[in-house]
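A.B. asks: What follows is a structure written as structure tokens; I'll ask about it next.
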Amino acid sequence: MKPVIIQPPQVDWLTGAFAQSKILSKTTRIADLAGVFADTSAWQESDPRQAVYDVEMLDSQTSEGNLFTGVTHLHPGRVGSEFFMTRGHFHSRREQGEVYFGLRGTGFLLLQPESGKACLESVSPGSVHIIPGYTAHRLINTGTAILSALAVWPTIAGHDYAALAQGFSLRVTDVEGKIQVREVQNG
Ligand code: PA5
Ligand code: NI
1061 MKPVIIQPPQ VDWLTGAFAQ SKILSKTTRI ADLAGVFADT SAWQESDPRQ
1111 AVYDVEMLDS QTSEGNLFTG VTHLHPGRVG SEFFMTRGHF HSRREQGEVY
1161 FGLRGTGFLL LQPESGKACL ESVSPGSVHI IPGYTAHRLI NTGTAILSAL
1211 AVWPTIAGHD YAALAQGFSL RVTDVEGKIQ VREVQNG
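Numbering-wise (this note's numbering), the sequence shown opens with residue 1061 and increments by one.
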């Protein structure tokens, strides 16, 4: 009997571009990120159509036991002095973890456990980030080029954005060309 040889999806490690016919994509723009950036007036003055990040995902089986695979392309930019970032979330199934791999660009992965102190991991090409369960996560682009990161997570994990309506406890800003990290109460 002839063995079955399957051609798997391919990713370009330098850009994070998937080569497969069925890719699901979603763009998140400034207009979608109400309440996410600290400086509300600067957010209101920003172009609402400006893309902040694009997520491209493989079309995976969604039943329990399967994994989603996606690449986030986070554009460079700022709202006021705060760097562009993803909305960030806990998983609805809090115990579920996730892995991120830095592909291009530079920035941070902000990790905020349900109980305990938030921290930042440096993201760069080749960095591997193990996000444990019970930990909210957000990407921040502190560079001048696109930051792309590949992520793999259980299909049952789900996204809980509401739990972070108060914001994360660390804010990352550009102060006269220097990256500044500030601890804040309730976002
Ligand atoms: O599953 C993940 O953690 C990522 O694929 C994110 O969903 C992606 O980076 C977009 O971020 P968010 O879901 O916080 O808008
Ligand atoms: Ni996640």
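Ideal placement from N, C-alpha and C gives every residue a C-beta, glycine not left out.
Closer than 8 Å: is that where the CB of LEU1199 sits relative to any heavy atom of the ligand PA5?
C.D. replies: Here residue 1199 refers to the residue found at position 139 when the sequence shown is read from its first residue. The answer is yes for LEU1199.
A.B. asks: Leaving out the 5 sequence neighbours to the left and right, which residues in its chain are closer than 8 Å to LEU1127 when beta-carbon positions are compared?
C.D. replies: Here the question's residue 1127 lines up with position 67 in the sequence shown. So the qualifying residues of the chain are SER1120, VAL1212, TRP1213, PRO1214 and THR1215.
A.B. asks: Please name the residue in LEU1074, TYR1160, LEU1171 and ARG1164 whose C-alpha comes closest to that of ARG1231.
C.D. replies: The residue you call residue 1231 lines up with position 171 of the sequence shown. Answer by Cα proximity: LEU1171.
A.B. asks: Answer with yes or no whether the minimum CB distance from SER1182 to chain D is below 9 Å.
C.D. replies: Looking at the structure shown, chain D is missing, and only one protein chain is on hand.
A.B. asks: How many Å lie between LEU1210 and THR1129 at the Cα?
C.D. replies: Within the sequence shown, numbered from 1, the residue matching residue 1210 stands at position 150. Within the sequence shown, numbered from 1, the residue matching residue 1129 stands at position 69. Rounded to whole angstroms, LEU1210 to THR1129 spans 7 Å at the Cα level.
A.B. asks: Check TRP1213 in the structure and name its three-state DSSP category.
C.D. replies: Within the sequence shown, the letter at position 153 stands for residue 1213. Strand at TRP1213.
A.B. asks: At 3 residues or longer, what runs of the beta strand (DSSP E) sit wholly inside the segment 1092 to 1156?
C.D. replies: Counting whole runs of 3 or more residues, the segment 1092 to 1156 contains the beta strand (DSSP E) stretches 1111 to 1118 and 1127 to 1134.
A.B. asks: With a threshold of 8 Å, establish whether the CB of GLU1158 neighbours any heavy atom of the ligand NI.
C.D. replies: In the sequence shown, the residue the question calls residue 1158 occupies position 98. GLU1158 Cβ: within cutoff of the ligand NI.
A.B. asks: Can you tell me which residues form a DSSP beta bridge with TYR1160?
C.D. replies: Walking along the sequence shown from the start, residue 1160 turns up at place 100. Per DSSP, HIS1189 and ALA1211.
A.B. asks: Measuring CB atoms only, is the segment 1131 to 1146 touching the segment 1090 to 1102, in the sense that at least three cross pairs come out at less than 8 Å?
C.D. replies: Counting Cβ pairs under 8 Å, three or more are found: they touch.
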